[in-house]
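If you use the working numbering, the sequence shown closes out at 332, no skipped numbers anywhere. Right, one structure below, let's go through it.
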Amino acid sequence: MKRLLRMFIFSAFALYITSLWNEGFIIKFEIYSLLVLILAIVLLYYIVKPLTKIILFPLNILTFGLVSLAVYCFLFYIIASQSSVIIINSWIFHGGSYLGVNLAKMNISYVQNIVLSSLSVSFIISLLEKIL
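Structure below.
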C-alpha cells in the first residue's frame, strides 16, 4: 500500500513537472478526473510495464529497447487521449543555450510531443523511485 501511495504521488509530481517545461502538455486541474488519470498511470507502471518487459524481452534485445519505447509511448497516448484532463498539442521550442550547448528553435509536432511527454513522465517517475 505504501508503495502504491508513493507511486501515486510520484506520478502526480511527474505530470506537474512535465506540464511546467512542455508548453504543449496542458493539464486541466479537475480533481476527480486528475485522480483517475494518476491512478491509470500508476496501474500502467505497476501492471503493464513489467508484463511488457517480460513479453517483449526478445524484441528488446534485438532493437536495443526501441520496441519498449514505442509501446510505452503508445500506452501513454491511449491514456492521454481517453482523458479529459490532459491536452497534448504541437508547440514551438524557442531554443536555448546552457553551458555552451546551443539548441536551435524548432517545431515540436503532436507525435514528437507525445514521445517527449512520455519520456519526461517516465524519467521523472524512475528518478524519484531511485532517489526516494
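Glycine included, C-beta positions come from ideal geometry on N, C-alpha and C.
Nearest-angstrom beta carbon gap, residue j and residue i [assumed within contact, 8 Å]
| i | j | result |
| --- | --- | --- |
| S317 | T218 | 6 Å |
| L256 | V271 | 7 Å |
Residue i classed as buried or exposed, judged by whether at least 16 other C-beta atoms fall within 10 angstroms
| i | result |
| --- | --- |
| V248 | exposed |
| Y216 | exposed |
| V311 | exposed |
| I278 | exposed |
| N222 | buried |
| Y298 | exposed |
| Y246 | exposed |
Beta-carbon gap between residue i and residue j smaller than 8 Å
| i | j | result |
| --- | --- | --- |
| N302 | F225 | no |
| I231 | S211 | no |
| K205 | L244 | Note on identity: in this sequence residue 205 is Leu, with Lys being the wrong assignment. Going by C-beta atoms, L205 is not nearer than 8 Å to L244. |
| S233 | V285 | yes |
| V242 | M207 | yes |
| I324 | F213 | yes |
| N307 | I292 | yes |
| S290 | S309 | yes |
The alpha helix (DSSP H) enclosing residue i, as first and last residue numbers
| i | result |
| --- | --- |
| Y232 | 231-243 |
| L319 | 310-331 |
| S219 | 202-221 |
Element boundaries [beta strand (DSSP E), containing residue i]
| i | result |
| --- | --- |
| Y272 | From DSSP, Y272 is part of no beta strand (DSSP E) but of the alpha helix (DSSP H) over 266-282. |
| L303 | 301-303 |
| I187 | In this structure the chain extends from 201 to 332, so residue 187 is not present and cannot be described. |
| S297 | 296-298 |
| I247 | Unbroken run through I247: none, as it is neither H nor E. |
Any 3 or more C-beta pairs closer than 8 Å across the segment 261-268 and the segment 284-302: no
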